[in-house]
Structures are given as structure tokens and as C-alpha cells.
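Student: The sequence shown lines up with residues 232 to 666 when you count with the numbering used here. Ideal Cβ placement from N, Cα and C applies to all residues, glycine included. All values reported here derive from a predicted model rather than from experimental measurement.
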Amino acid sequence: MLFNTAVEKAVWESDNEWSVYKTSTQDTEAGKSTAYRISCRYLISAVGQLHTAHVPEIPGLKEYEGKVMHTANWDEDERLEGRRVAVIGNGATGVQIVPEVASRAKHLTVFQRSPSWIIPRNSQALPKIQQILYQYVPAARRYYRSHILKDQDARHGMVVNERDREMGAQFSKDFLTHQLPLDPDLQARLTPSYPFGCKRVLLSDDFYPAISQAHVALETRPIERITKHGVQIENAELPFDLLIFATGFHAQSFLSHIEILGKSRQKICSDRRHGLRAHQGVAVEDLPNFAMLYGPNTNLSHVSVMLVIEAQARYISAMVRVVQQAAKVCSSGLGICPKPQAVADYNDALQAWLKKTVFAEPGCRSWYRAEDGVVTNNWPGTAIQYQNSLSVLNWDDYDMVGSEVSSLMKRGAQSLGGPLENPLASTRLGWMYGF
Ligand SMILES: Cc1cc2nc3c(=O)[nH]c(=O)nc-3n(C[C@H](O)[C@H](O)[C@H](O)COP(=O)(O)OP(=O)(O)OC[C@H]3O[C@@H](n4cnc5c(N)ncnc54)[C@H](O)[C@@H]3O)c2cc1C
Ligand SMILES: NC(=O)c1ccc[n+]([C@@H]2O[C@H](COP(=O)([O-])OP(=O)(O)OC[C@H]3O[C@@H](n4cnc5c(N)ncnc54)[C@H](OP(=O)(O)O)[C@@H]3O)[C@@H](O)[C@H]2O)c1
């Protein structure tokens with residue numbers, strides 16, 4: 232484990248190995264200099280989709296004399312008590328922090344560019360008896376997990392079904408009216424005009440009550456610029472001690488912060504204009520013995536991403552095993568790279584499917600899409616569908632290079648086993664645990 236270390240570059244060498252160049256911000260390992268190279272047979276990227284904070288380029292920001300924070304780079308020493316705070320953005324993060332910030336700040340203004348669809352979180356502690364059961368009976372824990380997956384995966388209906396979206400929107404509107412019954416103006420400003428499910432649907436019991444407090448203001452006029460002391464909007468300059476950007480991430484940048492040179496020695500290009508494409512969301516053209524966890528088109532907006540990453544870990548492990556075996560047999564090893572045609576076919580089918588989802592609707596703007604409009608981050612189906620698609624590794628989709636290890640080369644489809652969760656079993660046995 233190398234701590235405080237950033238990978239900056241990786242190069243595929245002719246002897247079927249990766250050279251990985253890193254910089255350490257701290258000398259944590261005896262004998263290691265701050266910049267160094269290691270080599271490996273297989274390289275896995277686990278940098279996630281949400282690792283580069285997005286702070287919009289608002290005119291005047293550099294001249295602002297107060298404190299600026301992005302939610303992903305929170306300064307724990309910064310106190311909120313007694314201060315005039317602005318939160319810019321009200322996506323999943325903004326909605327989560329606003330009640331907390333409101334409980335401490337002297338005054339809070341929330342700058343909202345577009346409202347979010349919000350439904351109740353209904354967060355509850357598990358009864359003690361259930362906690363004990365899950366602690367000591369692993370099968371019960373597994374079935375409960377299956378139950379959660381089945382329940383949450385059913386919400387995928389909003390992605391592909393207009394009727395589900397209409398029902399979701401009505402549920403959310405009713406919740407808003409229930410929480411803010413006496414404020415039709417606030418209700419109107421907090422009601423989205425884009426389809427339910429286009430962006431992440433948020434779960435919160437305390438955002439609307441927080442917004443309705445006397446010392447909290449919802450500002451929907453566009454920000455014109457940042458001044459030395461605050462924010463300029465139409466006909467007014469609002470003064471603040473602290474600006475908090477809850478403005479999300481450069482989610483389409485995938486690997487852009489690392490210089491990755493594959494077989495052709497061309498830098499892998501992933502940016503917010505075009506994003507990146509991969510085979511099964513895992514393997515990238517031109518990059519042998521390389522895989523991504525939580526890669527392109529593997530984000531889910533209705534259920535935990537962990538379900539995706541677990542399936543990917545199983546799929547990637549099968550390739551790593553073959554590469555490891557080859558390295559034992561001969562020094563030149565084995566290179567496994569997705570065939571360009573397989574990547575193209577997979578992505579053509581994926582994009583055709585995505586066109587039928589709410590993510591691709593013309594009026595829908597979100598971090599799931601690159602600037603060219605292509606949906607680059609989300610998977611169109613359910614978690615179970617993704618897990619099933621990765622439960623088989625079709626070796627015919629891959630080129631294998633390494634003539635001396637031909638006995639290890641694989642062809643055809645290899646079954647990797649099904650999802651860890653078993654929704655069918657949860658349906659049958661759920662009653663035993665009172666689900
Ligand atoms: C505020 C927030 C809340 C979320 N909540 C949920 C949730 O409840 N459920 C859910 O399913 N998903 C949630 N997500 C989505 C979340 O990003 C993923 O589920 C999860 O973090 C993905 O794990 P990961 O390991 O792939 O990526 P990450 O957790 O993002 O980890 C990436 C790691 O790579 C490191 N890294 C990046 N570049 C380099 C480099 N060049 N060299 C070395 N290291 C590097 C980063 O420092 C980081 O440690 C949330 C995201 C955010 C921002
Ligand atoms: N599970 C959880 O509890 C949880 C919590 C937090 C985050 N997450 C994950 O992380 C993802 C990212 O969430 P996030 O809230 O950090 O980012 P986000 O969903 O992308 O939200 C960014 C917010 O900033 C606003 N914004 C962006 N640029 C702006 C600008 N120039 N001027 C004004 N407003 C601007 C956006 O407005 P527009 O809507 O108008 O673009 C939006 O309200 C989520 O979708 C989710 O997957 C999960």
C-alpha cells in the first residue's frame with residue numbers, strides 16, 4: 232500500500248507490462264524517492280467517476296476576499312457559527328448539507344439554478360432484534376441485502392417508463408406540499424420542470440423545512456458575478472463570509488488526469504465534451520491488461536453503485552488470473568485487450584438502449600451526459616441486468632497476445648457465477664424476517 236501517492240502516467244511496454252509513474256507527496260516508504268516507477272502485469276483503475284471537484288468559472292471569483300470551499304474539499308477548521316454563508320448548487324450534496332449549515336450559520340442563502348425532485352428519506356434505525364439477527368446469522372443478513380436490492384432496483388421504472396415518472400413526480404409534489412403547506416411561492420420555485428429521474432432523485436426529510444426557516448433564503452435569480460464581498464445578482468449585491476460550492480464533479484473526465492499510453496502510444500482521451508467508452512464499462516480499447524472499476528456507463532441513479540463494482544471485481548479477477556498464470560509460465564507474459572469491433576458493437580447497442588431512457592430526453596441536463604449529449608456515465612438498465620451481463624466473460628471479445636502461452640489462451644464464453652444477491656430467495660424467505 233503506497234500512501235499519499237498519485238499516479239500520473241502509465242505506459243504499456245512491448246514486454247506485456249505496464250510502467251506506472253507515481254508521485255508521492257510524502258516519503259512514506261524507506262528508500263523511495265518522491266517520483267518513481269513501478270511495473271505490473273495488470274493495471275486496474277479505481278479512481279471513480281466523482282473525483283475531480285467542479286467549481287464553475289464565475290467571473291470575479293478570484294477577487295472574492297472571503298473563504299471559498301467545495302463540498303469535496305471541506306475545511307474542518309472553518310466555523311459556520313455566526314457567519315453569512317452561501318451554498319451554490321442543490322443537487323444530492325447541496326440538499327444534504329443545507330440543513331446542517333442552516334443549523335449553524337447566522338444566515339444562509341441557497342443559490343438554486345434548477346430545483347431537484349425530492350422524496351422522503353424515511354431514515355430509521357434498525358430494531359435491536361434485527362441488528363442482532365444480522366450480526367449472528369449471515370444468511371439473514373444476505374437475504375436482507377437481497378431484499379434491499381430488489382426493492383431499490385424496482386425504482387428503475389422511472390428510467391424507462393413515463394407512467395412511473397409521472398407517478399414519481401406526483402409523489403414528490405405531494406411531499407413538497409405536505410412539508411411546506413403554507414408557502415405556494417416556495418412550492419412553485421422548488422418544483423422542477425424537467426422529467427422525474429432525469430437527474431438523481433434526492434431523498435431528504437429536512438431540506439424543505441430547512442429552506443423555510445426565517446434565516447434561510449432560496450435565491451433563484453442567476454449569479455451574474457462574484458464580487459470582493461459576495462455575490463452579484465440582478466439589481467443586488469449579497470454579502471457573504473463564506474461561499475460553499477456544492478456544484479458537483481467533472482464526471483466525464485474519467486482518466487483525463489492520468490496520462491495513459493496504450494499499444495498505439497496515443498493518450499487516452501476522456502473529457503467533458505465526449506466522455507469515454509469501454510467494453511462492458513470495464514475494458515478500454517488500445518489498453519491491454521487494463522480495467523476500470525466504476526468506468527463509463529456504469530453509474531446507477533436508483534440503487535447503490537457497490538452492486539456494479541462487485542460484479543466488475545469478479546469479471547476483472549477472471550482476466551487477472553489468466554495474466555498471472557501466463558507470467559508464471561513465461562517471462563513475456565500475456566496481453567488481453569478488447570477487440571475494437573467488440574467495443575463498438577457493445578457501445579452501439581448500449582447507446583441505442585440509452586436513447587430510450589429519461590437520461591437522453593432533450594430537456595434533461597445532468598452529469599450523466601457529456602457536452603455532445605451522449606450519455607457517458609449511466610447504465611440504462613437495472614443493477615441486476617448489469618450484474619447478469621458481467622456474469623459471463625466472452626473471451627471472443629478480446630485479443631490475446633503472447634504466443635508462448637497459447638495453452639492459456641481462452642475462447643468462448645466463461646461463466647463467472649451470478650450476482651451475490653438473490654432476489655428470488657429474498658421473495659421466498661423474506662417473510663421469515665418480517666420484510
Ligand atoms: C458525496 C457523495 C456521496 C455518495 N453517496 C453514495 C451512496 O450513498 N451510494 C452509492 O452507491 N454511491 C454514492 N456516491 C457515488 C460514489 O462516488 C461511489 O459509489 C463510490 O465512491 C465509488 O467508489 P470508487 O472507489 O470507485 O471511487 P471513489 O470512492 O471516488 O475513490 C476514488 C479514489 O481514487 C483516488 N485517486 C483519484 N485519482 C488518483 C490518482 N491519479 N492516483 C492515485 N489515486 C487517485 C481518489 O483519491 C480516491 O481515493 C456518492 C458520491 C459522492 C460524491
Ligand atoms: N447517496 C447520497 O447520499 C449522495 C450524496 C451526495 C452525492 N451523491 C452522488 O454524487 C453525485 C453528485 O452530486 P453533487 O450534488 O455533488 O453534484 P450534482 O448533482 O452535479 O449537483 C450540482 C449542483 O450544482 C449546480 N450547479 C452546477 N454548476 C452551476 C453553476 N455554474 N451555477 C449554479 N449552479 C450550478 C447544479 O445545478 P443544475 O441542476 O442546474 O445543473 C446542481 O444543483 C450525485 O448525483 C450522487 O450520485 C450521493
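1. Report the three-state DSSP secondary structure of ARG376 (helix, strand or coil).
2. Since ARG268 is in the beta strand (DSSP E), which residue starts that stretch and which ends it?
3. Using a Cβ-Cβ cut-off of 6 Å (strictly less than) and excluding sequence neighbours within five positions of TYR295, which residues of its own chain qualify?
4. Does the distance between the C-beta of THR478 and the nearest non-hydrogen atom of ligand 2 fall short of 7 Å?
5. Can you tell me the Cα-Cα spacing of ASN304 and HIS285, whole angstroms?
6. Taking the alpha helix (DSSP H) that LEU470 belongs to, which residues open and close that run?
7. Roughly how many angstroms lie between the CA atoms of ARG344 and HIS481, to the nearest whole one?
8. From ARG373, ASP628, GLN366 and TYR577, pick the residue whose C-alpha is nearest to that of LYS570; which is it?
9. Check ASN530 in the structure and name its three-state DSSP category.
10. Could you check whether the Cβ of TRP348 sits closer than 7 Å to any heavy atom belonging to ligand 2?
11. Taking only runs of the alpha helix (DSSP H) that begin and end inside the segment 344–432, which ones reach a length of at least 4 residues, in chain order?
12. Cutting at 7 Å between CB atoms, please list the residues of its own chain near VAL326, excluding the five before and the five after it.
13. Between PHE402, VAL551 and PHE234, which lies nearest to GLU248 when the distance is taken from Cα to Cα?
14. When burial is assigned at 16 or more other CB atoms within 10 Å of the CB, is SER276 buried or exposed?
15. What residue range is occupied by the uninterrupted alpha helix (DSSP H) comprising ASN520?
16. Using the DSSP secondary-structure output, state which residues sit across from GLU312 in a beta bridge.
17. Take PRO453 as the anchor and find which of ALA441, HIS460 and LEU469 has the nearest alpha-carbon.
18. Buried or exposed: where does VAL368 fall if 16 or more other Cβ atoms within 10 Å of its Cβ makes it buried?
19. Assuming PRO569 is part of the beta strand (DSSP E), what are its boundary residues?
20. With distances taken Cα to Cα, identify the nearest neighbour of LYS298 among GLU309, ILE289, GLU288 and PRO290.
Tutor: The answer reads as follows:
1. By 1-based counting over the sequence shown, the position of residue 376 is 145. Under the three-state reduction of DSSP output, ARG376 falls in the helix class.
2. On the sequence shown, residue 268 is found 37 positions in, with the first residue counted as 1. Per DSSP, ARG268 belongs to the beta strand (DSSP E) from 266–271.
3. As a first step, residue 295 is located in the sequence shown; it is residue number 64 there, counting from the start. Same-chain partners within the cutoff: ILE457.
4. As a working note, residue 478 is residue 247 in the sequence shown. Yes; taking the cut-off as 7 Å, the Cβ of THR478 has a heavy atom of ligand 2 nearer than that.
5. Against the sequence shown, residue 304 aligns to sequence position 73. Against the sequence shown, residue 285 aligns to sequence position 54. Distance between the alpha carbons of ASN304 and HIS285: 11 Å.
6. Residue numbering aside, residue 470 sits at position 239 when the sequence shown is read from its first letter. Before going further, note that residue 470 is Pro rather than Leu in the sequence given. Note, PRO470: premise wrong, no alpha helix (DSSP H); beta strand (DSSP E) at 467–470.
7. Here residue 344 refers to the residue found at position 113 when the sequence shown is read from its first residue. Here residue 481 refers to the residue found at position 250 when the sequence shown is read from its first residue. Distance between the alpha carbons of ARG344 and HIS481: 18 Å.
8. Residue mapping note: residue 570 aligns to position 339 of the sequence shown, counting from 1. Minimum Cα distance to LYS570 is reached at ASP628.
9. Along the sequence shown, one-based indexing puts residue 530 at 299. For ASN530, the secondary structure class from DSSP, reduced to helix, strand or coil, is strand.
10. Residue numbering aside, residue 348 sits at position 117 when the sequence shown is read from its first letter. No, the Cβ of TRP348 stays beyond 7 Å of every heavy atom of ligand 2.
11. Counting whole runs of 4 or more residues, the segment 344–432 contains the alpha helix (DSSP H) stretches 359–367, 369–384, 388–391, 393–410 and 415–420.
12. Start at 1 with the first residue of the sequence shown, and residue 326 comes out as number 95. For VAL326, where only same-chain residues beyond five positions count, the Cβ hits under 7 Å are SER347, ILE349, LEU433, SER435 and PHE438.
13. One-based indexing of the sequence shown puts residue 248 at position 17. Of the candidates PHE402, VAL551 and PHE234, VAL551 places its Cα closest to the Cα of GLU248.
14. In the sequence shown, residue 276 corresponds to position 45, counting from 1. Per the 10 Å Cβ criterion, buried.
15. Translated into the one-based positions of the sequence shown, residue 520 becomes position 289. Taken as a continuous stretch (DSSP letters only), ASN520 belongs to no alpha helix (DSSP H), as it is neither H nor E.
16. Along the sequence shown, one-based indexing puts residue 312 at 81. BP columns for GLU312 point to ALA336.
17. Here the question's residue 453 lines up with position 222 in the sequence shown. Nearest to PRO453 by alpha-carbon distance, out of ALA441, HIS460 and LEU469, is LEU469.
18. Reading the sequence shown from its first residue, position 137 is the one you call residue 368. Counting C-beta atoms within 10 angstroms of its own C-beta, VAL368 has fewer than 16 neighbours from the protein chains shown and is therefore classed as exposed.
19. If you number the sequence shown from 1, residue 569 lands on position 338. In the DSSP assignment, PRO569 falls within the beta strand (DSSP E) that extends over 566–569.
20. Taking the first residue of the sequence shown as position 1, residue 298 is located at position 67. For LYS298, the nearest C-alpha among the options comes from GLU309.
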